[in-house]
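The structure appears below as structure tokens.
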Ligand code: SF4
């Protein structure tokens, strides 16, 4: 790990005027610094910022401060009751110790677990090619180990999977991210926050230099809707998803009147499936509809040799999640 300067900020203004990389829980950043993937010359500790509250909004939604710890968010009564998919997603990720440290803002900025990306010499002469580490050096995963890699949203330059569970639930909930930076405040819908790799996989999100995530807003809960997160993985805990699904659905008279679908473990970003939603709209809440939605969700999948199994796994995951959410 390279040496760095350590600074603390007690206010958002102070954080924004201090040059350096923001650090909160550090559960991703410190790992990546030890691997030399991240090499900041200065860290700005933002743990003192007053962004650790969860508040109801006048419009019936919920505002989650960027510094709210994952555990506190998952166990908050309003989240458990009205946004169950989010609580379930967070509790399916990492370990209790990590969830106690990791923050909402940090989770949004999780970086991929691609083994080549995290290899200390990747992207350097003699190391594995990794366009995300060093643009133009290639992608070792394309012809290498890619069992865990993405099948949706990939490009010839990168097939890395987005690792977050929380973000998949937030995609289904249509969360909106609040940020503040040198040019002022703005909001970014979660669908626009994470970027597809395209030919610039090193640019992962819509944040401008110096911008800080301050909060995430969830819309007012849909009356009568039920939400579920299901995660399939190699072992029952402390493991990343091979495939996951977040579904929020409302059924009336046996038909699906409202549905939002997002998938994890299969996409280069938290994967909202408008195709599945279109296939389910006003259809009977039955096995045929669920299977048609799963077909639609994975129709554009581009598997490689070792992750081809994810296509059927993701379909079955979505079918089962739809069944649970509409039961
Ligand atoms: Fe790097 Fe992406 Fe290829 Fe992994 S999949 S080696 S992160 S370019």
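Residue numbers (our numbering): 4 to 330. Glycine included, C-beta positions come from ideal geometry on N, C-alpha and C.
Following the continuous beta strand (DSSP E) through residue 217, name the residue where it begins and the one where it ends.
215-221
Per DSSP, what are the beta-bridge partners of residue 250 in this structure?
231, 264
Are there three or more Cβ pairs, one per stretch, closer than 8 Å when the region 144-153 is compared with the region 172-188?
no
Look at the alpha carbon of residue 133 and the alpha carbon of residue 238, and state the distance between them as a whole number of angstroms.
28 Å
For residue 220 and residue 83, the rounded distance between their alpha carbons:
16 Å
Span of the beta strand (DSSP E) around residue 206:
Careful: residue 206 lies outside any beta strand (DSSP E) and carries neither H nor E.
Taking all protein chains shown into account, decide if residue 214 is buried (16 or more other Cβ within 10 angstroms of its Cβ) or exposed.
buried
Alpha carbon of residue 52 to alpha carbon of residue 216, nearest angstrom
11 Å
Nearest to residue 321 (by Cα), restricted to the options 311, 234, 33:
234
What runs of the alpha helix (DSSP H), each 4 residues or longer, lie entirely inside the region 116-145?
none
Tell me residue 312's beta-bridge partners as DSSP assigns them.
DSSP lists no partner for residue 312.
Which residues mark the beginning and the end of the alpha helix (DSSP H) in which residue 164 is found?
First-last for residue 164: undefined, no H or E at that position.
Is it buried or exposed for residue 251, if we count other Cβ within 10 angstroms and need 16 for buried?
buried
Same chain, Cβ closer than 7 Å to residue 276, five either side skipped, listed in chain order
264, 265, 266, 300
Reduced DSSP secondary structure (H/G/I, E/B, other) of residue 63
coil
Please report the distance separating the alpha-carbon of residue 48 from that of residue 36.
15 Å
Report yes if the C-beta of residue 120 is less than 6 Å from at least one heavy atom of the ligand SF4; otherwise report no.
yes
So for residue 335, helix, strand or coil by DSSP?
Lying outside 4 to 330, the shown extent of the chain, residue 335 is not represented and no answer is given.
Contact set for residue 5: own chain, Cβ-Cβ below 6 Å, skip 5 residues either direction
42
7 Å Cβ cutoff met for residue 69 and residue 29:
no
What do you reckon, are the CB atoms on residue 192 and residue 116 nearer than 7 Å?
no
Under 7 Å Cβ to Cβ from residue 261, same chain only, skipping five residues before and after it: list those, please.
225, 228, 252, 253
Flag this pair as yes or no: are the beta carbons of residue 248 and residue 157 separated by less than 7 Å?
no
Is the closest heavy atom of the ligand SF4 to the C-beta of residue 310 under 6 Å?
no
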